[in-house]
Structures are given as structure tokens and as C-alpha cells.
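Participant: As given, the protein sequences belong to chains A and B, one line each in that order. Position 18 (the first sequence) corresponds to 18 in the working numbering; numbering is contiguous. Position 495 (the second sequence) corresponds to 495 in the working numbering; numbering is contiguous. Even glycine gets a Cβ: it sits at the ideal position worked out from N, Cα and C. Right, I'll just put the structure down here and ask away after.
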Amino acid sequence: MAISQQELAERKADNRRRGWQIFAIWLVLTVITDYLVWFVWGPHMPPGTMTTTAAAQQFDFKFLTAMVVPVLFMVWVYGGYVLVNFRAKPGDRGDGIVLTGNRKIQGIWYVASTVMVLFLAGFGTFELIANNGIGTGGGPSPIWTPSAKSPLVIQVIAQQWRFTYRWPQFGGMETTSLDLPTNTTVKFDVTSLDVIHDFWAYQLGVKADANPGVNNVAYTTTTSQVGRFTVRCDELCGIWHGAMYNYGHVVTRSAFYNWAHQMQVQNAGVTKLLPPFSLTYTPSYSGAGGGYYPSYDPNGSTQTY
Amino acid sequence: MAVEMTPVSGVKSPSGSRADGLKFVKPWFTGNFFTALIGGAIGYAFGHWLGNAIASGYTVTINSGYNDVATYLSLLFGIVGWFVGLGALNYPIQKLLGLEPLEPAKSEKRTFWEHWTYSTDHKVVGVQYLFGMLLYFLVAGLLALGIRTELLSPTYHIWAPETYIEIVGEHGTMMMMMMTSVVMGPFGNFLIPLMIGSKKMAFPRLEAVSFWFTVPSFLILLSALWQGGFQSGWTGYAPLSIQGGPGQSDYDVAFMLMAFSMILASINMTATIINYRAPGMRWSRMPILAWGLITTAFTMLLSVPVLIDGLYVMGLDRAVRTAMLYAGHGGSSFLWENLFWFFGHPEVYLLALPGFALTTELLPVFARKPIFAYKTSAAGMIGVATLSFFVWQHHLFMSGMNPDMRPLFMLTTELISIPTGFLYLVAMGTLWKGKIRLEVPMLFLLAVFWNFLWGGVTGVYNSDVPVDALVHGSFFVMAHFHFTIMGQLMFAVFAGVYYYVPLLFGVKMNDKLGKISFWIIFISFNSTFLPLFMIGLLGQPRRVFEYAVRLQHLNQWVTVSAYVLGFGILLYVINLVWSLAVTRTPSEPNPWESQGLEWQVGYPVPKDNFEKIPVVLRSPYYYGYENPGPIADLDPSAERVAVVSGGDE
Numbered sequence: 001m002a003i004s005q006q007e008l009a010e011r012k013a014d015n016r017r018r019g020w021q022i023f024a025i026w027l028v029l030t031v032i033t034d035y036l037v038w039f040v041w042g043p044h045m046p047p048g049t050m051t052t053t054a055a056a057q058q059f060d061f062k063f064l065t066a067m068v069v070p071v072l073f074m075v076w077v078y079g080g081y082v083l084v085n086f087r088a089k090p091g092d093r094g095d096g097i098v099l100t101g102n103r104k105i106q107g108i109w110y111v112a113s114t115v116m117v118l119f120l121a122g123f124g125t126f127e128l129i130a131n132n133g134i135g136t137g138g139g140p141s142p143i144w145t146p147s148a149k150s151p152l153v154i155q156v157i158a159q160q161w162r163f164t165y166r167w168p169q170f171g172g173m174e175t176t177s178l179d180l181p182t183n184t185t186v187k188f189d190v191t192s193l194d195v196i197h198d199f200w201a202y203q204l205g206v207k208a209d210a211n212p213g214v215n216n217v218a219y220t221t222t223t224s225q226v227g228r229f230t231v232r233c234d235e236l237c238g239i240w241h242g243a244m245y246n247y248g249h250v251v252t253r254s255a256f257y258n259w260a261h262q263m264q265v266q267n268a269g270v271t272k273l274l275p276p277f278s279l280t281y282t283p284s285y286s287g288a289g290g291g292y293y294p295s296y297d298p299n300g301s302t303q304t305y
Numbered sequence: 001m002a003v004e005m006t007p008v009s010g011v012k013s014p015s016g017s018r019a020d021g022l023k024f025v026k027p028w029f030t031g032n033f034f035t036a037l038i039g040g041a042i043g044y045a046f047g048h049w050l051g052n053a054i055a056s057g058y059t060v061t062i063n064s065g066y067n068d069v070a071t072y073l074s075l076l077f078g079i080v081g082w083f084v085g086l087g088a089l090n091y092p093i094q095k096l097l098g099l100e101p102l103e104p105a106k107s108e109k110r111t112f113w114e115h116w117t118y119s120t121d122h123k124v125v126g127v128q129y130l131f132g133m134l135l136y137f138l139v140a141g142l143l144a145l146g147i148r149t150e151l152l153s154p155t156y157h158i159w160a161p162e163t164y165i166e167i168v169g170e171h172g173t174m175m176m177m178m179m180t181s182v183v184m185g186p187f188g189n190f191l192i193p194l195m196i197g198s199k200k201m202a203f204p205r206l207e208a209v210s211f212w213f214t215v216p217s218f219l220i221l222l223s224a225l226w227q228g229g230f231q232s233g234w235t236g237y238a239p240l241s242i243q244g245g246p247g248q249s250d251y252d253v254a255f256m257l258m259a260f261s262m263i264l265a266s267i268n269m270t271a272t273i274i275n276y277r278a279p280g281m282r283w284s285r286m287p288i289l290a291w292g293l294i295t296t297a298f299t300m301l302l303s304v305p306v307l308i309d310g311l312y313v314m315g316l317d318r319a320v321r322t323a324m325l326y327a328g329h330g331g332s333s334f335l336w337e338n339l340f341w342f343f344g345h346p347e348v349y350l351l352a353l354p355g356f357a358l359t360t361e362l363l364p365v366f367a368r369k370p371i372f373a374y375k376t377s378a379a380g381m382i383g384v385a386t387l388s389f390f391v392w393q394h395h396l397f398m399s400g401m402n403p404d405m406r407p408l409f410m411l412t413t414e415l416i417s418i419p420t421g422f423l424y425l426v427a428m429g430t431l432w433k434g435k436i437r438l439e440v441p442m443l444f445l446l447a448v449f450w451n452f453l454w455g456g457v458t459g460v461y462n463s464d465v466p467v468d469a470l471v472h473g474s475f476f477v478m479a480h481f482h483f484t485i486m487g488q489l490m491f492a493v494f495a496g497v498y499y500y501v502p503l504l505f506g507v508k509m510n511d512k513l514g515k516i517s518f519w520i521i522f523i524s525f526n527s528t529f530l531p532l533f534m535i536g537l538l539g540q541p542r543r544v545f546e547y548a549v550r551l552q553h554l555n556q557w558v559t560v561s562a563y564v565l566g567f568g569i570l571l572y573v574i575n576l577v578w579s580l581a582v583t584r585t586p587s588e589p590n591p592w593e594s595q596g597l598e599w600q601v602g603y604p605v606p607k608d609n610f611e612k613i614p615v616v617l618r619s620p621y622y623y624g625y626e627n628p629g630p631i632a633d634l635d636p637s638a639e640r641v642a643v644v645s646g647g648d649e
């Protein structure tokens, strides 16, 4: 156990040399990979840039990946180096050196990991607030809202197993598909008629749980990109959960208003029978019947369809 | 000390009590697994009759033809019948009647039949747990292959949607319920007394009952498959879970039984580790596995009761139509989400912690070095366990519940990477300038660090709200927790089983087959779950049977890899069973040259583990020391015991 001063000095020098070797390999691999992540893979990362929130999610994903690459390589390079250099030779049944700790290394590790974690939490918070909830459900009255004066309001009504959309600004019409105009701030009021669902418009970068009897608001702003997007249910909601999806389109403003007005006229006969726009919908009182607002529901404040 | 509480004097039947007028009785009935099945069936039938008698026609779903009161009562009475049939109640009833039951004589070597009975020998219970857990794991794993088979095609083709969702729920629930005990059960019960120098666990009856809860729990959960299953997945979100049929009640009761098992096992574990350490087994010398299990046990004790609460409320909502878990009559679907995750998040760490403890325990043996930064390692585990109670709302980032508090839960969640990182620091330091022996358990241990690295860094994506907006509820999350739980915990278990088979059974497993199975498992595991990150990022939600056509090739790749993974695990199990039942190659007494106290007693482990309570002299990790000396004095003189156990006597 007792080793001489000279041996100790030699061991220190050897540690330092090996440390630099590991650091050099790590640095080269990290720089190359981070470059590839940021500039080559980055622009193609999901979920694309169809809306401001999608673009922000893409940026954050890219940023985290760039942060993670050095961590991955730290463990990999170290592990690979150790396995190559400190593997017992065949037949060698001896032991390694006695080393029960190293105050300096441990201290560096504690401080570095804490700094990194606090930075990440701060960054995540900043991004969440700066992007007005970044397309996530912010409850009935979100505190982070976009500055746009009158967003396009769409009520997303989830039920087993489909989504329908309600347009209070177009006479309360209801549609089964979702068309959005370009360059517009959209407010989604997400609710459910029966069990918990989740409204996930993948390319729009919007995700909000649809809770029965509760309104969950998410914002996004479309860009000038037009195209198709997918809406999926992202919370297990029963047998046909897997088939609960539909598609929507981001279209030019004129195309959108044409479509919307046409739908409004088409719906006019039905809209006048529908209840006034309501922020919440109450399911049947047992929560299990699966029917629409039965008249015997003692709690029902809304009318039946 | 007024009362003699040290286990030094050993455990004896109270021979002096004959004078107190106690009447000694021989057991007229000793139960076993088969009589327990009969008892369970009788209890089930009685409960069903009773339920229908008192509440016929009182159903959640009108005209559904079943009565949830009967379902619940049949399961509850079935459990009572199960334990009566097992003979678990013999002892307490005889005691109540003022009789002194005579324990059957303990055989020197564990017999095969003992494992089918209600045994209070911690070594028997450890082996029972080992094979029980193996069975549960394999059944749940088979269900996973069923899921992957369905996902070969972007639309449903093998299973009907309702069957698919049954299989998904069954796989998830069985894995998450049962694997909580995959380290604490077998390794905890068998090894902890040996490691800390005790003759037994603190509460042998709790230890037996904790195992025998898992069997009916498994059977009831499995029986859901024949009753329409449950469509709510393992998370059981209300009101979906209130809609479900009898299978959902099976989920409810099975989960609750497993919860009781966890609580009892952890009471036993904490009591044992605190009170039954041999003299000289200071906290600073305690094996890291004991540290891991005591933190796990404390976490279980504090979190599992919340689950029982939730399941109880779910049972009331389902059976007698209270309205606590859904909106309408004052309840809220958020209540279940909170109760469930307040248990659920600590739970995933109490899956991870024992895996890490086991890994850290075995690593020094194969690196031939002391543990680097031992205290940091213990602190890391305590830190993870503590923080795990403050993070549960990160499962609800998208729910619209407390949206303004998300930065806080993002912070607490990310803070967990600090103590988790400690465990990497410890491992990396331990490997530095070791003489690394790449034997089969070591390969699994190194794989733990490879796998958990993926699980760990992707955890950061999940905890970050802006990125979680993309990955929440998708296959990305699914891949994340398979890397942390299966890639970490199960790999550690594979290492542990391989490592401890010589101590448990006196035989060694086939090295060549072990290496082959390791490489198949490791490569196919990564080839299964790494692409799942991509699949999730490309927009596939969890638990769906339909997905975008463009994702078909990736999904097919994953499915084929999953089959190979299944084959690899099968190979590992064949190796285990073959070595135990057929080849039985005897092993050297300490094949890995470990310094642990558990290896000092030799095979077969004597029925009371130690002749005398040993006096522990040093930490079990003195690798590389020139003259480490023995870890413990196995035959201490009386003076030595008094000196080492402190001056208070």
C-alpha cells in the first residue's frame, strides 16, 4: 500500500498525460459531431418550421442535441480508452491501484454538472416563456400569450375517437378537418367530451391534453409555409386510440376564407340548432355512457345536439 | 442496554416458555402453492356469490351483464382464501389461541419442495423471488413481442384493436409492477443478511408474505386477458379506467396486491439494514447494494401508499359509483393523474436505483479496485431518491394543469441528473487504472453504462418543456424509459444472476453461451430501441396500432431486432436452466475472487448463515491493498464483540 514519493510523482505525471490524451480525442470528436449536428442535421430536425412554435421546438431540440454530444463523447471516449488500456492481460489475476477518491476531480465534476443543469433549466424556462408556451397546453387562462390582438380561435373537441373543430368566429360552425391560413396567430381551445385525449398537431408544434370539462389553451402562429399537417391523439383513450387522427392544411389566406365561408354557409342550417359557443362541455354524468349530453344529466349546463 | 436486542445470541425457539403454561402444537396443516390455488378458488367463488347477492344489478354500465361489486369481492375473498390455503394464517391463529406452534425442523440444505411452500427462510424466499421475477419478466416480454408483431404493418392486421390495447396494457403493467422487486426480491432477500452479517431478515413472515403477494397479483393481472383486458394502459387514467370492464378491476386489485408486497418488503428491508448489521458493519463500510436497497425501501415506503390510495378511489368509482375521478359530480380526472404520478415517478427511480446499486456493487470486483468515491455513490442514490418526490408533474407538462409551475418541475427534474451523474463519476473513477476482467457479468455491467447513457441524456429532452412539447407521449419517451429501465435494471439483473448463481446454487453458468447471449442481447437491444427514438421524433405516438406509412421500414427493423432480442434473452435463460438442471458444473467457492462478506460462508450457505455473528473488520472493497486482511472475524471471541459493537454495554 505504501508507495514512495517518486512513484507517486510518476503516477501523477502518467495520469496527466493520459488525461490530455483523452481530452484531445474528446475535443476533436465533439467539435466535428457538433458541427454536423448543427449545420447538417439541424435544418432537417423535426418537427419542421411550419409555425413559429414548431420552429422554436426544432431550435431547442437542436440546441439540446449540441449540448448532449459532449456528454456522450466524454463517457464513450473515456470508456473506450479505459477498456483498451487497463484491461487485464490474459492470466493476470492481479489487482489495480488503490484509489478511493480524488478531491479535485470530484469537485470539478460536482460544479460542472450543477452549472450545466442550472443553465439548461434556465434556458428551457426562457424558451418556454419567450415562445408563449411554445405550443403546449397552458390551462384555461395561460399567462404567456402572444401579442396578436385577435387570434383565430378554434375549439378542438376530442371524443372517443375523433377530433372535431368548432369555429366561434364563423358562426359556431363545426368541421371535421382543420384548415388554417398562413401568417396567422391561432388559439386552440382544447377540450374533451369523455376521457382524456391529447391534441397533437405534429407539424404545427402544438400539443395539449384534452381534459373532460376543462379548457386547455395553446397558441401558435403559422408562417408563410403551406402544406399538410397531421393531427393525432397523443394520450391513450381506449380501443381505437391508434386510429384517432386526421389531417389539416395550412393554406393561403384567400383560400382559407373561401373555404371557411363556404363551410359556414353549408353549416348554417345546423349551427342555429347548436348551443352557443361554450368553453367547456360536460360529459354524461357517469362518464361512461359515451353518449352526447343526455337530458337527464343533473349537471348538464349545455343542451343536447 | 436494558433489553438484549443484538442478534448475537441468535434465533431460538423460546424453550423456557413451557413453564408459562403454553401448549405446544404440531402443525396439522402445512399449506403450499397448490392448496393455495384451491383456497383462492374457493374464496373467489364465495366472493362472487356474495357480491351478486348484495348488489346484483348495481353496475356501472347499464345492461353490461356484470357487477363490479362481485368482481372486487371475488378477488378480495380469493386473496384471503389464497393465504389460508398457503398456511400463512396458521401461525398467527395458533398464537391467538394461546398455542405455541412448533416450527418444522430446518433442513441443512434447501430442498426443492420448500420453494413451493410458505417458507420464512430468507434464502428460500430469495430463490422463490428469483424464479418468480424471471417468469413475470418472460411473460411480459412475450407480450412485448406481440406488440412489435402488430407494428410490422402500419395498420392493424394481427390483433384486433381491442386485443392490441389489451396486450399493450398488460405488458406495461406487468413490467412496471413486477420489476420493482426484481432486485429487492431475489438479491435483497438472499444477499442482504449475508452481506451485513445477519442470521436472518428482521421480519421473516413479512418477507414470505411479500413474495406470496406477487403470485396472485401476477395471476390476477394475467387473468385480465381472458376478461377483455383493460384499455387504460399501465397509467390507468380516469375516466377511461372507469369505463373499462372486469379486466380493469383485475388491474386495480393486482396493482394493489403488488403495492402491499412492495410496502412489506421495504419495511423488512429497512428494519434489517438498520438493526441487523453485524458489529463493525458501520454505515461507512456497508456494501453499496445495501445502501441502494435501503434508499429504495424508504422511497417505496413513502410513495407506494399514495398508489394504494389512488387504486382504492378507482375501485370505489368503479364498484359503487362514487365520482371522485371524473368531472361532473365534483371529482376531477386530474386527481388520478396526480395520485398516480406521485407514486409513479418515484417508482421509476426505484426501478433504476437497485440496478445502479447492483452495478456499483459488482464493478469493483471486475475492475479489481476499491470503489471510487464511495460516499459520493451513496449520496448519489440518496439524492436521486429524495428528488424523485418533487418531479411528478413533468408527466403532466401538456395537461394544462399548473402550467405556470412547469419551470419549477423542469428544474427539479433536471437537478436529478446531478446525483445520477455521481454514479457515472463513481464508475469511471473505479475503472481508472484497474485490471479490468471482461468476464460475462462485467460485459453486462459495462452495457449498463452504455444503455443508461442513452436513457439519461434523452431524459434531459423529456424534462425540458419546449422539447417535451415535441417528444411527450411519443415513441421517443417509450425508447427513453426502455433504455433506463430495461437497458439499465435488467442488464444489471442479468449480470447479478450470472454473478451470484455460484453462491445461490453452487454451480456456474456456461461462459461461452453467456458471452454469445450477451452480445446478442446487447446488440439487438440497441438495434431495437435506438431507432425508436427516431420513430418518436418523426411523429409516432405511443400505444397506437396505426402509424404513418413512411415509418414502416423503421418499424419493421425494430420488430425484427426485438425478435432477436427475445431470442438472446431466451438463450440466457436456457443457459441458466441448463446449468441448474442438467450440467450442474460445480463452481469454486468464490469464482470471482470477491472480497464481499456474502462469499465467505461458502456453498451451501449454512441454514443460519453464520455460526456466530461475525465481527466486521473492514470495507468489502479492499482490492489492490497489499495486505487487506480478512473482511470479518467469523469466529469472534466474546471480548471482541463487546469492543467492536461500541462501549455502551
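Whole angstroms is fine: what's the gap from L415 of chain B's alpha carbon to V426 of chain B's?
Facilitator: In a straight line, the C-alpha of L415 of chain B is about 18 Å away from that of V426 of chain B.
Participant: In chain order, what residues of the region 536-560 of chain B put their CB closer than 7 Å to some CB of chain A?
Facilitator: Along the region 536-560 of chain B, going in chain order, the ones with a CB nearer than 7 Å to a CB of chain A are L537, L538, G539, P541, R543, V544, F545 and E546.
Participant: Spell out the partners DSSP gives M173 of chain A in its beta bridges.
Facilitator: Paired residues: A:W167.
Participant: Using a Cβ cut-off of 9 Å (strictly closer), state whether W432 of chain B contacts chain A.
Facilitator: yes
Participant: Could you confirm whether any beta carbon from chain A is found closer than 9 Å to the beta carbon of L453 of chain B?
Facilitator: For L453 of chain B, the nearest beta carbon of chain A is closer than 9 Å to its own beta carbon.
Participant: Excluding the five sequence neighbours on either side, which residues of its own chain have a C-beta within less than 8 Å of the C-beta of V82 of chain A, listed in chain order?
Facilitator: none
Participant: Does the beta carbon of T164 of chain A sit closer than 9 Å to a beta carbon anywhere in chain B?
Facilitator: no
Participant: For a quick check, are the C-beta atoms of V124 of chain B and E108 of chain B less than 9 Å apart?
Facilitator: no
Participant: Any heavy atom of the ligand COA closer than 8 Å to the beta-carbon of P140 of chain A?
Facilitator: By its list of ligands, the structure shown contains no ligand whatsoever, and the ligand COA lies outside what it can speak to.
Participant: Among B:G47, B:S619, B:G39 and B:G455, which one has its Cα closest to the Cα of L76 of chain B?
Facilitator: B:G47
Participant: Considering only residues of the same chain and omitting the five flanking positions on each side of N590 of chain B, which have a CB-CB separation below 7 Å?
Facilitator: W599
Participant: I want to see whether chain A comes within less than 9 Å of K369 of chain B, judged by CB atoms only; does it?
Facilitator: By this cut-off, K369 of chain B is an interface position.
Participant: Could you tell me whether the Cβ of Y424 of chain B comes closer than 9 Å to any Cβ of chain A?
Facilitator: yes
Participant: Which runs of the alpha helix (DSSP H) fall wholly inside the region 163-212 of chain B and span at least 4 residues, in chain order?
Facilitator: Counting only runs of 4 or more, we get 189-196.
Participant: Go through the region 28-101 of chain B residue by residue and report every complete run of the alpha helix (DSSP H) that reaches 4 residues or more, in order.
Facilitator: 33-55, 68-86 and 90-96
Participant: Consult DSSP for D14 of chain A and reduce its assignment to one of helix, strand or coil.
Facilitator: Reduced to three states, the DSSP call for D14 of chain A is helix.
Participant: With DSSP collapsed to three states, give me the class of P283 of chain A.
Facilitator: Per-residue confidence for P283 of chain A stands at a pLDDT of 43, beneath the threshold of 50, marking its modelled position as unreliable; the derived number appears in the next sentence. Secondary structure of P283 of chain A (DSSP, three-state): coil.
Participant: Please list, in chain order, the residues of the region 615-639 of chain B that have any C-beta partner in chain A closer than 7 Å.
Facilitator: Y623, G624, Y625 and E626
Participant: For K369 of chain B and V69 of chain B, I'd like the C-alpha separation in whole angstroms.
Facilitator: Looking at the two C-alpha atoms, the distance is approximately 59 Å.
Participant: Between Q57 of chain A and chain B, is any beta-carbon pair separated by less than 9 Å?
Facilitator: Under the Cβ distance rule, Q57 of chain A counts among the residues neighbouring chain B, one pair being separated by less than 9 Å.
Participant: Flag P7 of chain B as yes if its beta-carbon sits less than 9 Å from any beta-carbon of chain A, otherwise no.
Facilitator: Confidence is the limiting factor: at P7 of chain B the pLDDT is only 44, short of 50, which leaves the residue's position unreliable and the question unanswerable from this model.
Participant: If you reduce the DSSP assignment to three classes, tell me which class A259 of chain B lands in.
Facilitator: helix
Participant: Using the rule of at least 16 other Cβ atoms within 10 Å of the residue's Cβ for burial, across every protein chain shown, is I631 of chain B buried or exposed?
Facilitator: buried
Participant: Run through DSSP, which three-state label would Y276 of chain B get?
Facilitator: coil
Participant: Going along the chain, which residues of its own chain have a beta-carbon closer than 6 Å to the beta-carbon of M442 of chain B, five neighbours each way excluded?
Facilitator: F366
Participant: Out of curiosity, what's the CA-to-CA distance linking V139 of chain B and T173 of chain B?
Facilitator: 12 Å
Participant: Taking Cβ-Cβ distances below 7 Å as the criterion, which residues of the region 201-217 of chain A are in contact with chain B?
Facilitator: Y202, G205, K207, A208, D209, N211, P212, G213, V214 and N216
Participant: What residue ranges within the region 171-259 of chain A form continuous beta strand (DSSP E) runs of no fewer than 3 residues, ordered along the chain?
Facilitator: 173-175, 178-181, 185-192, 197-201, 206-210, 216-221, 227-233 and 245-251
Participant: Tell me which residue opens and which closes the alpha helix (DSSP H) that A55 of chain A is part of.
Facilitator: Counting along the chain, the alpha helix (DSSP H) containing A55 of chain A begins and ends at T52 to N85.
Participant: Per DSSP, F518 of chain B forms a beta bridge with which residues?
Facilitator: Paired residue(s): none; F518 of chain B is not in a bridge.
Participant: Chain B partners of Y78 of chain A, CB-CB under 8 Å?
Facilitator: M428
Participant: Is it buried or exposed, G94 of chain A, if we count other Cβ atoms within 10 angstroms and call 16 or more buried?
Facilitator: Within a 10 Å sphere around the beta-carbon of G94 of chain A sit fewer than 16 other beta-carbons, which makes this residue exposed.
Participant: Three or more C-beta pairs closer than 8 Å, one from the region 475-490 of chain B and one from the region 399-416 of chain B: is that the case here?
Facilitator: no
Participant: In three-state DSSP terms, what is F24 of chain B?
Facilitator: Here DSSP, grouped into helix, strand and coil, assigns F24 of chain B to strand.
Participant: Are the beta-carbon atoms belonging to F61 of chain A and M45 of chain A less than 9 Å from one another?
Facilitator: yes
Participant: Which value, in whole angstroms, describes the spacing of the CA atoms of S707 of chain B and W259 of chain A?
Facilitator: Because residue 707 of chain B is not part of the residues shown, which for chain B are 1 to 649, the question remains open.
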